[in-house]
Every structure is written in structure tokens, then in C-alpha cells.
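Just below is one structure, and these are the notes that go with it.
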Amino acid sequence: MFISIENVCFCYDPKERAVDGFSMKIEKGEVVSILGPSGSGKSTLLRLFAGLEVPCEGSFTIEDVVIFNDKSFIQPEKRGIGMVFQDYALFPHMTVEENIAFGLNKMKKAEKKARVAEVLEIVELTGYEKRYPHQLSGGQQQRVAIARAIAPNPNLLLLDEPFSNLDAELQVKIRKDLRNILKAAGITAIFVTHDENDALAIADRIVQLKDGKIVHSGRPCDILGAQ
Ligand code: ADP
Ligand code: ADP
2 MFISIENVCF
12 CYDPKERAVD
22 GFSMKIEKGE
32 VVSILGPSGS
42 GKSTLLRLFA
52 GLEVPCEGSF
62 TIEDVVIFND
72 KSFIQPEKRG
82 IGMVFQDYAL
92 FPHMTVEENI
102 AFGLNKMKKA
112 EKKARVAEVL
122 EIVELTGYEK
132 RYPHQLSGGQ
142 QQRVAIARAI
152 APNPNLLLLD
162 EPFSNLDAEL
172 QVKIRKDLRN
182 ILKAAGITAI
192 FVTHDENDAL
202 AIADRIVQLK
212 DGKIVHSGRP
222 CDILGAQ
């Protein structure tokens, strides 16, 4: 199994578990949605996976590398995990290509340029290299954020409510694009959403969360069938 998550727990307040015994296994290239209402623990889970919070229990391994368990904790920047934030967090003073190249500082100049071109092609924004974020639509900014996150070839990509900043019409159009981008890049991804339609349209597997606990897990067709 590519990713193994076991019994992850986290409390902000000692009396209440924001995440309570979260376990799952993920195959390489799989796209998983964590679906739940506001307050169910989705953001906390992403913060735990990214290394922005320290769990009180549990373990997380990617390809036999322990990311955290009761004895060890790899720092966020060393995890090889990419993240797309709700507000995209693009650098406003940098062009599209500068934003994407930002995380590739270990590469030589020519190699960097080639990788930027490659990911821009995946997100279908070839030709937009010299634009600044404010010259792009919301959907285009989102695709730049995804390109930036996948450029260093992360082991895992985390996306926080990828559609919350887009209007409803664009959201419908872009769901399919997001799935295609993730599949074209062969990226293993976890995205969190409160919107069942996002989860159904994009994920290979849906994990439903309530009060920090998994209440259901299955393929989109199983979830649809259960209702
Ligand atoms: P979601 O992302 O699904 O809306 P969160 O992970 O933000 O859920 O929150 C899970 C639970 O943890 C909620 O009960 C929330 O009130 C609580 N919580 C979230 N962040 C904090 C915090 N910084 N301090 C205290 N409690 C928090
Ligand atoms: P997408 O579906 O990719 O989000 P839109 O249909 O929203 O794209 O935008 C169409 C065109 O309008 C794009 O070429 C984009 O660059 C341009 N555009 C959208 N919003 C802005 C903006 N705020 N400033 C400049 N150009 C914009």
C-alpha cells in the first residue's frame, strides 16, 4: 500500500477530539475525498498530514517512510507533500512562471524552465507564463496553484476546499478539469470538501467525516447507492 494512515487523533481541547481514530489506506495515483460538514475535522486532518499540527496519537507512512508515529515526526518541508490552499496563495508580485518555479530552487535553470512548461501544459495554461495572478480568472489562478503544487513531484497533494472561491457555474465546469489534471499528472491526492457533488465528480473514493470520525467510506457509486 502506498499510503497508510492509522488511528490518527488530535485535540485542540483535551476534552474533545477534533480528529478521532482516523485510519485509511491509499493506493498510488488514487484521488480521495474527505467529505463532511463544517466543524467535522477536515481542515485539522489536512494540517496533520501537512505537518502543521502534531497528532496526539497515530501514524502516517508514505511508501514505508514514516511521516509521523509515536516516535518520529518529519518536518513539513521534508515530507514531499504538496498543498493547494483555499485562497490559492499565489505570490501577487510574481508571474505565473515565477510562482511555479518558486518551489524548484534545487533545479538548474534549463531544467526548471522545462518543468514549468510541462506542468503548464498539464493544467492547460501554456502561453500564460508572463501573466500576473491579477490578470487571470479565478479558475486560472486555481490551475496555477495546482501547477505550482505538482511541479516538485510531490508524493501526495492536499487540496483544501478547491472550489470554495469559484462561482457555482464555473465550479461545475472545473470539477472535471480538476479530475483530469490529477489523473494526467498521476498524482495521489486528498481533497477536503463539504460539497457532496465535488466529491462524487472528482474522487475515486469518498470518506465521510462527522465529529472527527469516519462514518462511511466507499467508491462514489457506493455512496450514491446508499442514499
Ligand atoms: P472543518 O474543516 O471540517 O470545518 P475543523 O478541522 O476546522 O473542521 O474543526 C474541527 C473541530 O475542531 C471543530 O469542532 C472546531 O471548532 C475545532 N477547532 C478547529 N480549529 C480550532 C482551533 N484553532 N482551536 C480550537 N478548536 C478548533
Ligand atoms: P476560466 O474558465 O479558465 O476561469 P474565464 O472564462 O473565467 O476562465 O475567463 C476567460 C478569460 O477572461 C481568460 O482568458 C482570463 O484571462 C480573462 N479574465 C478573467 N478574469 C479576469 C480578470 N480579473 N482580469 C483580467 N483578465 C481576466
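Position in the sequence shown (first residue = 1) + 1 = this note's numbering. By construction, the Cβ of each residue, glycine as well, lies at the ideal position given by its N, Cα and C atoms. Keep in mind that this is a model prediction, so the values were computed, not measured.
Nearest candidate by alpha-carbon position, reference residue i, set the options
i    : options                   : result
P221 : E112, K211, S34 and L157  : S34
E63  : F92, K29, M84 and V120    : The amino acid at residue 63 is misidentified as Glu; the sequence shows Ile. Residue K29 is the option with its Cα nearest to I63.
Q142 : L159, F164, L158 and N156 : F164
D65  : G187, I27 and N198        : I27
M95  : E54, G140, R149 and I75   : R149
E99  : N8, G219, L158 and A152   : A152
F86  : P38, L105 and S44         : S44
Rounded straight-line distance, which links the Cα of residue j to that of residue i
i    : j    : result
R206 : D161 : 16 Å
Q209 : V216 : 6 Å
P1   : D71  : Coverage of the chain is limited to positions 2 through 228, which leaves residue 1 absent and any answer about it impossible.
I1   : I182 : Lying before the first or after the last residue shown, residue 1 is absent from the chain, which here runs from 2 to 228.
E31  : I191 : 8 Å
L46  : C57  : 12 Å
L36  : R176 : 15 Å
F103 : L137 : 19 Å
G22  : K211 : 12 Å
L91  : L126 : 15 Å
F74  : F3   : 18 Å
A19  : L157 : 23 Å
Check whether residue i and residue j have beta carbons under 9 Å apart
i    : j    : result
A51  : M25  : no
D178 : R144 : yes
P134 : G81  : no
G40  : I6   : no
I147 : V117 : no
G42  : G187 : no
T194 : A200 : yes
K113 : L121 : no
Residue i, DSSP secondary structure in three states
i    : result
F74  : strand
N100 : helix
F192 : strand
H217 : strand
L137 : coil
C10  : strand
F61  : strand
D21  : strand
F69  : strand
Near ligand 3: residue i beta-carbon under 8 Å from a heavy atom
i    : result
E197 : With respect to ligand 3, the structure shown offers nothing to examine, as its ligands consist of ligand 1 and ligand 2.
- Item | Cβ contact (3+ pairs, closer than 8 Å) linking the segment 10 to 20 and the segment 171 to 182 | no
- Query: Between the segment 119 to 134 and the segment 102 to 111, do at least 3 Cβ pairs fall closer than 8 Å?
  - Reply: no
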